[in-house]
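In short: position in the sequence shown from 1, add 37, done, that's the working numbering. Ideal placement from N, C-alpha and C gives every residue a C-beta, glycine not left out.
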Amino acid sequence: MPGFELFGELEKKQVQEVLETGVLMRYGFDGMRKGQWKALELEKALAERMEVAHAQLVSSGTSALTVALASAGIGAGDEVIMPTFTFVASFESILAIGAVPVLVDVDDTLTLNPAAVEEAITERTKVVMPVHMCGSMADLKALKSICGKHNLLLLEDACQAIGGTFEGKPLGSYGDLGCFSFDYVKTITCGEGGAVITNNEKYKMNADHYSDHGHDHIGKDRGAETHPFLGYNYRISELNAAVGLAQIARLDDFLAIQKKNYTILREALSTIPEVTFRRVPEGGEESYAFLNFFLPDEDSAKKVHTALGNGGVDACFYWYDNNWHYYKKWEHLTNLKSLGKLPQAIYDQLPDYSKTDFSASDHWMGRTISCLIKLGWLEIEVQERAQKMADILQEVWK
Ligand SMILES: *Cc1c(COP(=O)(O)O)cnc(C)c1O
């Protein structure tokens, strides 16, 4: 996945162009910037690549989620449905606007189970937030139909699956809003950065203002602009945007490398009868950022994970109990440990997750192993890795 592995001349050239003008801010300073508008250019390139009308760059993937929710008018006490398996940014972004994260089971897609989503809907539910974890997607067709039926927003977190598609559409563009992260370990990186994409003009305008203190961005005098509503500062800098501009030009090359490496590893693992693969919903194509597979049970998954580590196969994750991407490790959320007082609606409405039954999620996550697909591997290295993985797995069942 990580685009930083292939950081090079293109990135340096883009950054150098910004350094030459010295204008590191994305707004204003028109005279000094000599026609350099890196953030604007990247927004244009991203919207084009993702086949949407609008893209709004922000400072991170987490702030992209916050800005996306805020731009659609989500606020205190609104409920947002999110999966039990995701990065912590999901609930952080929801809590940041005073909304309530409602955790829902994942299925063998390792993303939201549509039937469980439907069961979790209340009169306060406003948003369904599928997270396309580890390179593959939620059943967006089913989720969209549920959202249509209950008049809910579909907000896709595509931070870990940029470049994947569903029914031919880029992930992130299928719902009402989509979010990407360009942090240092994502498929393409800005160092730090993120983006919201949408076809909705109102959401784009709101995101544009909200992410810059509510500035209306009308005219050429920043100091004289009006502020139609409250905002914050989630701006990206021109330096970060410049890196992203170089990286997005390479996205399709990166995806091709991921697919090639993934395919070699998958073919090797396909020879092991005990191994099955994560389900990709019909109509979906992965970004191939990870290879995700199931073992028959929790015991064998643990054994395989340990054996891979001992055998020197790095970057394979067992999320179930050794990582903070699964609800079991979110005590700070379930106990609402915050530095200061949170909005009252969160105390009143957050479900008691110590009593919630997520055994359906446990069933799948307990037997899942995810291996990161790197961009920098040589083909011979991938082949050696594939052989090693197959050997180690065979050994477990001897
Ligand atoms: C990385 C990530 C984010 C947050 O991105 P940052 O840029 O690190 O804030 C959100 N969701 C998922 C699924 C991610 O992997």
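Interface flag, residue i vs chain C, CB-CB below 7 Å
i	result
C408	No chain C appears in this structure, which consists of one protein chain only.
Simplified DSSP state of residue i, which is helix, strand or coil
i	result
D399	helix
C196	coil
D220	strand
Y390	coil
Y64	coil
C227	coil
V141	strand
N188	coil
E116	strand
K257	coil
E46	helix
G320	coil
D149	For the sequence presented, residue 149 should be read as Leu rather than Asp. Strand.
T159	coil
F124	coil
Y364	helix
V350	coil
Y299	helix
L415	coil
A105	helix
Q73	coil
L373	coil
M242	helix
A175	coil
Identified DSSP bridge partners for residue i
i	result
P207	T202
I383	Its beta-bridge partners do not exist; DSSP assigns none.
T405	F331
D336	Beta-bridge pairing links D336 to no other residue.
Q93	V233
L214	L192 and T235
N270	D249
E262	None; E262 has no bridge partner.
T313	F331
V164	V117 and L190
Contact check, residue i vs residue j, beta carbons under 7 Å
i	j	result
V168	S127	yes
G172	E193	no
G112	G135	yes
E322	N277	no
G185	A195	no
N236	A90	yes
E116	V137	yes
K425	V312	no
L328	G200	no
R259	G65	yes
V60	A279	no
E238	H252	no
A423	I301	yes
K50	E275	no
R404	T146	no
I410	N298	yes
V95	S248	yes
Y221	F41	yes
L412	L43	yes
G348	S218	no
Neighbourhood of residue i by C-beta distance below 7 Å, restricted to the same chain and skipping five residues each side
i	result
V433	S337, K340, V341 and A344
Y240	S108, A109 and L214
Q197	H169, M170, C171, G172 and A326
Q420	I301
L387	V137 and L373
P151	D176, A179, L180 and I183
T371	Y390 and S391
Cut-off 6 Å between Cβ atoms - residues of its own chain near residue i, not counting five sequence neighbours on either side
i	result
M119	S127, P138 and M166
A105	L192, L214, C216 and V233
F314	F330
K71	T58
A92	E80, L83, A84, A232 and I234
F203	M174, L177, Y211, G320 and G321
F266	G251
G114	A382
Contact set for residue i: own chain, Cβ-Cβ below 8 Å, skip 5 residues either direction
i	result
H250	H264, G268, Y269 and N270
I285	L79, A82, L83, R86 and I225
L288	R86, I199, G200, T224 and I225
F395	T121, L140, D142 and Y364
A305	A423, Q424, M426 and A427
L77	R63
E335	Y357, G403 and R404
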